[in-house]
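My numbering numbers the first residue of the sequence shown as 1 and each following residue consecutively.
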Amino acid sequence: MILHGDQDPVVPVEQALDMYKHAGVCADIQLYKGEGHHIGQADHIKDALRRERDCYERALKLKGLTAI
């Protein structure tokens, strides 16, 4: 899972997209508009946590983790 700000000065978006392209079939990427190297906007943080939880549920075959 790649959660990436589209304004990241440390890791260019192109590098994140390249990592995603080579990550494999279970890979997921989300670009957050206006974010840098760290996700800081409240709505983006909530979305990132939900995506991370969903990823763990899929990867570990878990169901019904506490909703965020």
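Ideal placement from N, C-alpha and C gives every residue a C-beta, glycine not left out.
Item                                                                                                                                : Value
Out of curiosity, what's the CA-to-CA distance linking Pro9 and Gln15?                                                              : 11 Å
Helix, strand or coil for Ile45, going by three-state DSSP, please let me know.                                                     : helix
What do you get for Glu57, buried or exposed, if any count of 16 or more other CB atoms within 10 angstroms of its CB means buried? : exposed
Express the C-alpha separation of Asp54 and Leu31 in angstroms, rounding to a whole number.                                         : 17 Å
Would you mind working out which of Ala59, Asp47 and Ala27 sits nearest Met1, comparing C-alpha positions?                          : Ala27
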